[in-house]
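As structure tokens, the structure follows; a few thoughts come after it.
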Ligand code: FES
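Residue numbers (the working numbering): 94 to 246.
In structure tokens form, the structure reads like this:
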């Protein structure tokens, strides 16, 4: 259930003539407060905006940072597109999964990291690349990756 604070924040953004225009922003507000968007939360947001929950779910599914399942404190999005594949995706993922003890789509037992794939991050010239939360990390190798992971408690 959404808190009064979150509902108020969403309502303050709503354009009464075009509530669907703030749908994605409203979902980001929920994600920022709770980390992810449950079915119940999504229905509540749809009710606040007076939009179809199925359409809102479609929007949530389209955006990479709107998580529909619980995630860890930090989400690692590993680019699996062509430049990153060529420049070492497989060894990078092998190192990550070994280091974190999880596979793609999973969350560490301590809730620290969730590991997810993503299509091109627009950083092909500095591949391989990944994002942790909103931070882009490029030209990665195992050593650099270990130092980066240590920055995320
Ligand atoms: S292919 Fe990985 S950033 Fe473009």
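For each residue, glycine too, the CB sits at the ideal point set by N, CA and C.
Closest option to residue 157, judged by alpha-carbon separation, among 133, 171, 147: 171. Note on residue 165: 16 or more other CB atoms within 10 angstroms of its CB, so buried under the neighbour-count rule. Spanning the alpha carbons of residue 130 and residue 136 requires a straight line of approximately 10 Å. Every unbroken stretch of the beta strand (DSSP E) spanning 3 or more residues and falling wholly within the region 191–234 is given here in chain order: 206–211, 223–225, 228–230. By the neighbour-count criterion, in which 16 or more other beta carbons inside 10 Å mark a residue as buried, residue 223 falls on the buried side.
Distances taken from the Cβ of residue 214 to the heavy atoms of ligand 1 include one shorter than 8 Å. For residue 171, the enclosing beta strand (DSSP E) begins and ends at 167–172. When DSSP states are grouped into helix, strand and coil, residue 101 belongs to the helix group.
Where residue 161 is concerned, there is no enclosing alpha helix (DSSP H), because DSSP gives it neither an H nor an E. DSSP places residue 136 in the helix class (H, G or I) of the three-state scheme.
Ligand 1 approaches residue 221 closely enough that one of its heavy atoms is under 8 Å from the residue's Cβ.
Beyond the five residues adjoining it in sequence on each side, residue 167 comes within less than 8 Å, by CB distance, of 205, 206, 207, 225, 226, 245 in the same chain, given in chain order.
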